[in-house]
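Just below is one structure, and these are the notes that go with it.
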Amino acid sequence: MNGLIEELQRLFPGIQGEEGGDMPALVVPADQLLAVMKELKERHDFNFLADLTAVDFRDEKRIEMVYHLLAVPEARELRVKVNLNRQHPEVSSLTAIWPAADVQEREVYDLMGVIFQGHPNLKRILCPDDFTGHPLRKDFQLNAEEGRE
Amino acid sequence: MAVAREDLLTQEIELNMGPQHPSTHGVYRALLTLDGEKVVKVENIIGYLHRGIEKLAEDRTYTQVIPYTDRLDYLAGMLNNLGYVQTVEKLMDIEVPERAEYLRIIMAELSRIASHMIMVASMALDVSGWTAWFPPFRERERILDLFEMTCGSRLTVSYMRIGGVAADIPPGFLPALEAFLDDLPQMIAEMNGLITGNEIFKARCQGVGKIDLETALAYGITGPNLRACGLPFDLRKARPYGIYDRFEFDIPTLNNGDSYDRFVIRLLEMEQSARIIRQAMAGLPGGPVMAKVPRVIKPPKGEVYHQIEGAKGILGFYLVSDGGNKPYRLHIHSPSFVNLGALPRIAEGGNIQDFVVNIASIDIVLGEVDR
Amino acid sequence: MENIFTGIAAYIKGLLAGAPPWVQTLGMGLMYLVGVLAFIFLNAIYLIYLERKVSAYMQQRLGPNRLGPHGLLQPVADAVKLLGKEDIIPRGADKWIFIIAPVIIFIPAVMVYAIIPFGKGMIPVDLNIGVFYFLAVASTTTIAILMGGWGANNKYALLGSMRSVAQMVSYEIPLTFSLLGVIMLAGSLQTSQIVAAQEKVWYILLQPVAFLIYFIAATAEVNRAPFDLVEGEQEIIAGPYTEYTGMRYALFYLSEYANLVSVSALAVTLFLGGWHGPWLPSWLWFLIKVYIMIFIFMWVRWTFPRIRIDHLLSFNWKVLLPLSLANILVTGVGIKIYQLLTLGRW
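Protein chains in written order, with full-length UniProt numbering: chain S, 1 to 149; chain C, 1 to 371; chain U, 1 to 346.
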């Protein structure tokens, strides 16, 4: 696995490997994501987008995109992370590589407020269209008490 | 002809199928653009059942999240339980007692059979095969009875715990399970006689909603729907979790990737699940069903992604811990959500009747889609 | 027993004997109408019960069993419930068309009973073009369904009524052709004569293919599974009936069951020897045969999944229609050969 990370680092100097997790992980600069993903899919058999989500690290002022890739059928796993600016989270969309990213990116946009450049149909998916805010952000206020006052 | 060509052209209409509709399997809405009866375009509109489980989990302790997982795919509660507790165990490095591992396998596979039963029953019903609804439901009742015997609950079981299972099986469980497994082949034979081999059913489903393997992978389709396209990819075999590596079973595959194959593969998978359960029953050891875990679950700081083979496809849990007693972030990758995302691709070009078959054949559960 | 109904008719005729001829005709007409209506309502109501019981036993259930012995009063409760329901007319609906459609659909359903020979000498109107009359009147049902579907101004209703037109118009053709074989054998369109001609041999033995075609086409005509596309509830909710409530909805279903009885009655008349049968009274024989037909219709309904619209139409035009035409040809040749053999001339 380390071979994979080194090989990628030769092509994309901005990549960092992460040690000690449950699976090999890469941290990729946002502007290189699309190229790295293409490389992973075409040259390294990671042909399946297993999951796509985001985590809000409010204290560190960043939103982390987390992609989990799977090599089907041998089931090797790989985690790819992208750090985004919490104020203006923007990253390129993966829909061109995996159509599976379509709904999942919409979900992340809806709940986390990440803008996916190049997404064909970026609108809310789980929340209603007129909803304001992005519920999975840590500073989202749960307004259960609002009506009581 | 004096009539202008424009006058002869038909107009497309938009039809809202759902959120209340007999065949949407829950509160799901499809915005169909129709040309006559032909479906030109499909747009999924979901979120009616969105309860914000991922957000709720951030405010609950690790143990308190378990009941929420039941309400994801409420037709296979045990499998969701299993996926979640294994995720936490993976993060905390907890060893689960042998007996609990075996019980988990038995319950998970029973859950899978129950879920597949619903799928075959409702797909039969969606082509108006009313009578075929009953054999699977009759047998599923017995699975639910088994669950009730063990944990007091039928659907929202909350049976698994971090470090084991909530309770040991009561006396009488194993004979009842044995009897159920003995009767299962008969139910499958009934379904085959009534529906699978029926000419009208074949005409309705064969070649409908066809998807090839490459497209299926690109759209992230997993589970029985992927295996109906001809790829024997099953996490239980490819990346065994728990103790699945100890059992002998086959991965049934079919090659057409159409609705009919997606239906038949469920019947085949039931047989394999039954095989696993029989082996687990034979090998069931004695001993405790809970490991020694701290009263307050506090996983170390870190992250983990764990995926299991759910009833509808690969069910993944991504858990980020900040070292506290509540999850910092829990993301649930639900197979139905992704499979439903592929529905527009699958369904376009058929007519309304095909659309109903397609929804049924990809087997969605809205609790899991909307979370 | 045999003469119970004809006796009643004769008694009423006797009462009216002194009246002017037009009163007599009117009185007898009214009496037949009341008789037929009572027959339809009793049958339709208990057919709903029967349908629920038959389906229940096919599906390992018990069916209605709470109201009265064996749930026999269930249909009464259903009727009362439907009568008490709010009558909703959607704001967007075409009001008058929406309102009269259920009434109009009921008229042909009643009218076709005029030519059914319920027993020996028990035929309301013995028309000499009986079968033709039946087919002509029955085909107008389509118009009422289209009215209901169009008037409701609902997309599901529209789709359903369009399906009904496509389906019923195309299935009428093999239905008619399948009856031609029988008519050629009997040499008459008059239902009483067709029944009389079957005293020795039932036409189902001479025309098995025609019977099969008739059965399939009739299933499609009365919109029953596997041809219930018009109200295919898994796809289009209830088709043309989607927006109807209460009694209007009930009228549609009543007429549907009335049609089921009438096509079964026609099948019995034309293929199963009508009221002929040993020992029992003729009208009882007729009823038994009708109910056997109805049971087969129900059996089919609860066994088969629904067919797809394009398969339905191509099956009609590519299989049933040629088959029914071939049947006519074979029947014609057969009649001529028979004549040649028995009479020694063409």
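Where a beta carbon is used, it is the ideal one built from N, C-alpha and C, also for glycine.
As the structure is a prediction and not an experimental result, all values here were calculated from the model.
Any beta carbon of chain S sitting closer than 9 Å to that of residue i?
{"i": "C/E303", "result": "yes"}
{"i": "C/H333", "result": "yes"}
{"i": "C/D145", "result": "no"}
In chain C, which residues lie less than 8 Å from residue i when you measure between Cβ atoms?
{"i": "U/W150", "result": "By Cβ distance, chain C contributes nothing, its closest Cβ being about 14 Å from U/W150, past 8 Å."}
{"i": "U/L260", "result": "In chain order: nothing, as chain C lies at least about 17 Å away."}
{"i": "S/P135", "result": "G52, K55"}
{"i": "U/P226", "result": "S128, I200"}
{"i": "S/L126", "result": "I46, G47, H50, D370, R371"}
{"i": "U/R308", "result": "A203, R204, N351, Q353, D354"}
{"i": "S/L49", "result": "G220"}
Against residue i, what residues of chain U qualify as contacts under a CB-to-CB distance less than 7 Å, listed in chain order?
{"i": "C/D126", "result": "Q234"}
{"i": "C/N44", "result": "The premise fails here: C/N44 is roughly 18 Å from chain U at the closest Cβ pair, so nothing lies under 7 Å."}
{"i": "C/R262", "result": "Going along chain U, no residue has its Cβ under 7 Å from C/R262, so there is no contact; the nearest lies around 16 Å."}
{"i": "C/P299", "result": "Ordered by position in chain U, no residue passes the 7 Å Cβ test against C/P299, which lies about 46 Å from the chain."}
Which value, in whole angstroms, describes the spacing of the CA atoms of residue i and residue j?
{"i": "S/F75", "j": "C/F247", "result": "The amino acid at residue 75 of chain S is misidentified as Phe; the sequence shows Ala. Roughly 19 Å separates the two Cα atoms."}
{"i": "U/L15", "j": "U/V23", "result": "11 Å"}
{"i": "C/M17", "j": "C/G26", "result": "11 Å"}
{"i": "C/A342", "j": "C/C229", "result": "14 Å"}
{"i": "U/L175", "j": "C/E12", "result": "33 Å"}
{"i": "U/L127", "j": "U/N154", "result": "41 Å"}
{"i": "S/E149", "j": "S/Q141", "result": "Confidence at S/E149 is low in this model, with a pLDDT of 41, below 50, so its placement is unreliable and the value that follows should be read with caution. If you take the alpha carbons of S/E149 and S/Q141, they lie about 16 Å apart."}
{"i": "C/L177", "j": "C/F263", "result": "25 Å"}
{"i": "C/K202", "j": "U/S314", "result": "16 Å"}
{"i": "S/E18", "j": "S/D130", "result": "39 Å"}
{"i": "C/L82", "j": "S/D45", "result": "29 Å"}
{"i": "U/G187", "j": "U/Q234", "result": "45 Å"}
{"i": "U/S178", "j": "C/R71", "result": "56 Å"}
{"i": "U/Y203", "j": "U/L284", "result": "20 Å"}
{"i": "S/G3", "j": "S/P24", "result": "11 Å"}
Under the rule that 16 or more other beta-carbon atoms within 10 Å means buried, what is residue i, buried or exposed?
{"i": "U/W317", "result": "exposed"}
{"i": "C/V208", "result": "buried"}
{"i": "U/W96", "result": "exposed"}
{"i": "C/H21", "result": "buried"}
{"i": "C/T131", "result": "buried"}
{"i": "S/G147", "result": "With a pLDDT of only 45 at S/G147, under the threshold of 50, the placement of this residue in the model should not be trusted; the figure read from the coordinates follows. With fewer than 16 other Cβ atoms within 10 Å, it is exposed."}
{"i": "U/P305", "result": "buried"}
{"i": "C/M1", "result": "Because the pLDDT of C/M1 is 45, which lies under 50, any placement of that residue in the model is unreliable, and the question is left without a value."}
{"i": "C/A360", "result": "buried"}
{"i": "U/N259", "result": "buried"}
Mind checking if residue i is an interface residue toward chain U, Cβ cutoff 9 Å exclusive?
{"i": "C/D354", "result": "yes"}
{"i": "C/E269", "result": "no"}
{"i": "C/V134", "result": "The displayed chain sequence assigns Phe, not Val, to residue 134 of chain C. So, interface residue."}
{"i": "C/R140", "result": "no"}
Using a beta-carbon distance below 9 Å, is residue i in contact with chain C?
{"i": "U/W302", "result": "yes"}
{"i": "U/R66", "result": "no"}
{"i": "S/T132", "result": "no"}
{"i": "S/G147", "result": "In this predicted model, S/G147 has a pLDDT of only 45, less than 50, meaning its place in the structure is not dependable; the value taken from the coordinates is given anyway. Taking Cβ atoms only, chain C never reaches closer than 9 Å to S/G147, which makes this a no."}
{"i": "U/L159", "result": "yes"}
{"i": "U/H311", "result": "yes"}
{"i": "U/P75", "result": "no"}
{"i": "U/S170", "result": "no"}
{"i": "S/V82", "result": "no"}
{"i": "U/L91", "result": "Before going on, a small fix: residue 91 of chain U reads as Arg here, not Leu. Chain C contact via Cβ: absent."}
In terms of alpha-carbon separation, which member of the options lies closest to residue i?
{"i": "U/L329", "options": "U/I309, U/I236, U/G181", "result": "U/G181"}
{"i": "C/A166", "options": "C/D363, C/R138, C/R275, C/A291", "result": "C/A291"}
{"i": "C/R60", "options": "C/V296, C/A282, C/E89, C/V39", "result": "C/V296"}
{"i": "S/L34", "options": "S/A25, S/N85, S/V80", "result": "S/V80"}
{"i": "C/Y305", "options": "S/L70, S/G3, S/Q32, S/L8", "result": "S/L70"}
Give the interface partners of residue i over in chain S, defined as CB-CB distance under 7 Å, in chain order.
{"i": "C/A218", "result": "W98, P99, A100"}
Starting from residue i, find everything on chain C with Cβ-Cβ shorter than 9 Å and list it in chain order.
{"i": "U/K155", "result": "I13, E14, L15, N16, L34"}
{"i": "S/D22", "result": "K90, L91, G302, E303, V304, Y305, H306"}
Quick one: list the residues of chain C neighbouring residue i, beta-carbon separation under 7 Å, in chain order.
{"i": "U/M58", "result": "T131"}
{"i": "U/P20", "result": "Neighbours of U/P20 on chain C: none; closest Cβ ~56 Å, over 7 Å."}
By the criterion of Cβ-Cβ separation under 9 Å, what are the contact partners of residue i in chain U?
{"i": "C/P22", "result": "E233, Q234, E235, I237"}
Residue i touches chain S at which residues, Cβ-Cβ below 8 Å?
{"i": "C/V320", "result": "V55"}
Quiz item: Between the segment 233 to 258 of chain C and chain B, which residues of the former have CB atoms less than 7 Å from a CB of the latter, in chain order?
Solution: The displayed structure is made up of protein chains S, C and U, and chain B is not among them.
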